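Participant: First the structure, then my questions, so here it is.
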Amino acid sequence: MSDAVVELENVWKIFGERASDAMDAVRQEGIGKPEVLERFGAVVGVKDASFSVAKGEIFCLMGLSGSGKSTLVRHINRLIEPTAGTIRIMGEDIGAMKAEQLRATRADKIGMVFQNMALLPHRSVRDNIGFALELRGMDGYTRAKAADRALETVSLHGYGDRLPSELSGGMQQRVGLARALAADPEILLMDEPFSALDPLIRRNLQDEFLSLSQDVKKTTVFITHDLDEAIRMGDRIGIMKDGEIVQIGTAEDIVTAPADDYVADFVAGISRLKLVSASKIMVSPEKHGPINGDGYPVARPDDDLDTLVGLSTGSEKPVLIKDGDVLVGVVSKDTLLTGLQGGAEA
């Protein structure tokens, strides 16, 4: 059995009465979304998507509006039924679950955070957070204690008696996150939770969530249309286009080796200084030639381009890349400049 917490295998979602015919045509003829719509009156929401998310990992799904990312994430808790494919949650096929088991899985194992928090305006912050626990039948005292713990986790201690209307937008987002955390789920599904916020508040909440994720280690699928946000938040990133996942990898993988022109255009304006490591641009000692004398700056294979720039600025000599005491590569100024421009990755 896989140790992945979330697994999607060959998931399709085609909306329309002739979904099966449309899916067969896409598979056999390779037709695109416009032709599917014209011939079958159907819309391709997700096309043959497969990925897995490890315990504690933040996996970002990103793409332009209409790329299918929100549709795909709603398959994980079966808010949307797939046309074909398998979704497993902690090894269990969620598509095979009966109604009662599905409700329990959603309540106990999966928390969801939306862009629009949909807080109940007539209930206090504490009661909003504890609402799902109330539906489980938890007593009021235990529910309030759980809500207060969640409030403290998201730095809103003391706001439990306020109404949502008394909180700022950023604070309401925290309440939504606290509501998801109160049930202590294994999995968080976050659908563009910060995208409606001002840039400064958004960045602060990103930082808070990253710090929080280090402590609670929730397995997270994070939806965004913003590559900068995906790079900051994600351990890995999946890029979607027209319902299809076109590339999955770390930010460094995607920036240095885009799978196609679509991904290359996506990452074209991203600074490489903090993303690309020495191991991606260094040349072998044999290819570089003899290293004579002392005084060479030294870096590690995982040091980024920003570090290499600082070392190169203070020396006329190339930077030696060492893994421990072993020389594994060399970065000259020319190699570094080419790497900054995006053309020197091995």
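If you read the sequence shown in the working numbering, its first letter stands for residue 1, the second for the next number, and so on. From the three backbone atoms N, C-alpha and C, an ideal C-beta is built for every residue, glycine too. Note that this is a predicted model, so its numbers are computed, not measured.
1. Are the region 128-136 and the region 195-207 touching by the rule of at least three beta carbon pairs closer than 8 angstroms?
2. Identify, in the order they occur along the chain, each residue of the same chain with its Cβ nearer than 7 angstroms to the Cβ of Arg18, setting aside the five sequence neighbours on each side.
3. Please identify the residue among Gly342, Glu316 and Pro290 whose C-alpha is closest to the C-alpha of Leu305.
4. With DSSP collapsed to three states, give me the class of Leu188.
5. Across which residues does DSSP place Ala299 in a beta bridge pair?
6. Using the Cα positions of Gly293 and Lys217, report the straight-line distance between them to the nearest angstrom.
7. Identify every residue that forms a DSSP beta bridge with Gly329.
8. Can you check the region 233-310 for any alpha helix (DSSP H) of at least 4 residues that lies completely inside it and give the ranges in chain order?
9. Between which two residues does the beta strand (DSSP E) holding Thr86 run?
10. Is the region 51-63 in contact with the region 233-241, if contact means three or more CB pairs nearer than 8 angstroms?
11. Can you give the Cα-Cα distance for Pro301 and Ser211, rounded to whole angstroms?
12. In angstroms with no decimal places, state the Cα-to-Cα distance between Met1 and Leu163.
13. Leaving out five residues on either side along the sequence, give the residues of the same chain with a beta carbon under 6 angstroms from the beta carbon of Ile231.
14. What residue does the beta strand (DSSP E) around Phe51 start on, and which one ends it?
15. So, Leu188 versus Arg174, is the Cβ gap smaller than 9 angstroms?
16. Buried or exposed for Arg103, going by 16 or more other Cβ atoms inside 10 Å?
17. Got a sec? Which residues, its chain only, sit under 8 angstroms from Asp3 by beta carbon, not counting five neighbours each side?
18. If you draw a straight line from the alpha carbon of Thr338 to that of Pro199, how long is it in whole angstroms?
19. Residues bridged to Ile94 by DSSP?
20. Specify the secondary structure class of Met138 as computed by DSSP and reduced to three states.
21. For Phe266, I'd like the list of residues in its chain whose CB is within less than 7 angstroms of its CB, leaving aside the five on either flank, ordered along the chain.
22. Where Ala84 and Gly324 are concerned, what is the direct C-alpha to C-alpha distance, given to the nearest angstrom?
23. Suppose the cutoff is 8 angstroms on Cβ atoms and the five residues either side in sequence are ignored; what does the same chain contact list for Val154 look like?
24. Alpha helix (DSSP H) containing Phe40: first to last residue?
25. If I follow the unbroken beta strand (DSSP E) through Gly111, where does it start and stop?
26. Within the same chain, show all residues whose beta-carbon is closer than 7 angstroms to that of Phe363, passing over the 5 residues directly before and after it, in chain order.
27. Is any beta-carbon of chain B found at less than 9 angstroms from that of Asn10?
28. Going by DSSP, what residue range makes up the alpha helix (DSSP H) through Lys218?
29. Given a cut-off of 9 angstroms, decide if Asp191 and Gln115 are closer than it, judged by their beta-carbon atoms.
30. Between the Cα of Lys98 and those of Met112, Gly310 and Arg78, spot the shortest distance and give me the residue it belongs to.
31. How long is the line joining the alpha carbons of Asp184 and Glu166, rounded to whole angstroms?
32. According to DSSP, what are the bridge partners of Glu7?
33. State the DSSP-derived secondary structure class of Ile223, mapped to helix, strand or coil.
Facilitator: On the basis of the data shown:
1. no
2. On the sequence shown, residue 18 is found 18 positions in, with the first residue counted as 1. Within the same chain, Arg18 has close Cβ partners Phe40, Gly41 and Ala42.
3. Counted from its first residue, the sequence shown places residue 305 at position 305. When each option's Cα is compared against that of Leu305, the closest is Gly342.
4. Start at 1 with the first residue of the sequence shown, and residue 188 comes out as number 188. The answer is strand: DSSP assigns Leu188 an E or B state.
5. In the sequence shown, the residue the question calls residue 299 occupies position 299. Note: Ala299 sits in a beta bridge opposite Ile321.
6. As a position in the sequence shown, residue 293 is number 293, starting the count at 1. As a position in the sequence shown, residue 217 is number 217, starting the count at 1. Looking at the two C-alpha atoms, the distance is approximately 48 angstroms.
7. Looking up residue 329 in the sequence shown gives position 329. Ile321.
8. 251-256, 261-267, 278-281 and 285-288
9. Your numbering for residue 86 matches position 86 in the sequence shown. Its beta strand (DSSP E) spans residues Ala84 to Ile89.
10. yes
11. Translated into positions along the sequence shown, residue 301 becomes position 301. Translated into positions along the sequence shown, residue 211 becomes position 211. Straight-line Cα distance between these residues: approximately 26 angstroms.
12. Here residue 1 is taken as the residue at index 1 of the sequence shown, counted from 1. Here residue 163 is taken as the residue at index 163 of the sequence shown, counted from 1. No answer about Met1 holds up, because its pLDDT of 39 lies below 50 and its placement is not dependable.
13. Looking up residue 231 in the sequence shown gives position 231. The residues are Ala251.
14. Within the sequence shown, residue 51 is the residue found at index 51, counting from 1. Unbroken beta strand (DSSP E) run through Phe51: Val43 to Val53.
15. Taking the first residue of the sequence shown as 1, we reach residue 188 at position 188. Taking the first residue of the sequence shown as 1, we reach residue 174 at position 174. No. Outside cutoff.
16. Counting from one through the sequence shown, the residue named residue 103 turns up at place 103. It is exposed - the Cβ of Arg103 has fewer than 16 other Cβ atoms within 10 Å.
17. Taking the first residue of the sequence shown as 1, we reach residue 3 at position 3. Result list for Asp3: Ala54 and Lys55, in chain order.
18. The sequence position of residue 338 within the sequence shown is 338, counting from 1. The sequence position of residue 199 within the sequence shown is 199, counting from 1. One C-alpha to the other measures close to 32 angstroms.
19. Residue 94 sits at position 94 when you count from the first residue of the sequence shown. Answer is none; Ile94 lacks a bridge partner.
20. If you number the sequence shown from 1, residue 138 lands on position 138. Residue state, collapsed to three classes: coil.
21. Residue numbering aside, residue 266 sits at position 266 when the sequence shown is read from its first letter. Here the set comprises Leu227 and Ile239.
22. Counting from one through the sequence shown, the residue named residue 84 turns up at place 84. Counting from one through the sequence shown, the residue named residue 324 turns up at place 324. One C-alpha to the other measures close to 49 angstroms.
23. As a working note, residue 154 is residue 154 in the sequence shown. So the list reads Arg174, Val175, Leu177, Ala178, Leu181, Glu208 and Leu212, once near-sequence residues are dropped.
24. The residue labelled residue 40 in the question sits at position 40 within the sequence shown. Looking at the DSSP string, the run of the alpha helix (DSSP H) that includes Phe40 is Lys33 to Phe40.
25. The residue you call residue 111 lines up with position 111 of the sequence shown. Unbroken beta strand (DSSP E) run through Gly111: Ile110 to Phe114.
26. No information on residue 363 is available, as it lies outside the stretch 1 to 346 that the chain covers here.
27. The structure shown has no chain B; it contains just one protein chain.
28. Here residue 218 refers to the residue found at position 218 when the sequence shown is read from its first residue. Element bounds for Lys218: n/a, residue is neither H nor E.
29. Sequence index remark: in the sequence shown, residue 115 carries index 115 (1-based). Sequence index remark: in the sequence shown, residue 191 carries index 191 (1-based). The answer is yes: Cβ separation under 9 angstroms.
30. The residue you call residue 98 lines up with position 98 of the sequence shown. With distances taken between Cα atoms, Lys98 lies closest to Arg78.
31. Against the sequence shown, residue 184 aligns to sequence position 184. Against the sequence shown, residue 166 aligns to sequence position 166. Spanning the two alpha carbons is a distance of roughly 26 angstroms.
32. The residue given as residue 7 occupies position 7 in the sequence shown. The partner list for Glu7 (beta bridge, DSSP) reads Ser52 and Arg88.
33. Numbered from 1 along the sequence shown, position 223 holds the residue referred to as residue 223. Ile223 falls in the strand class under three-state DSSP.
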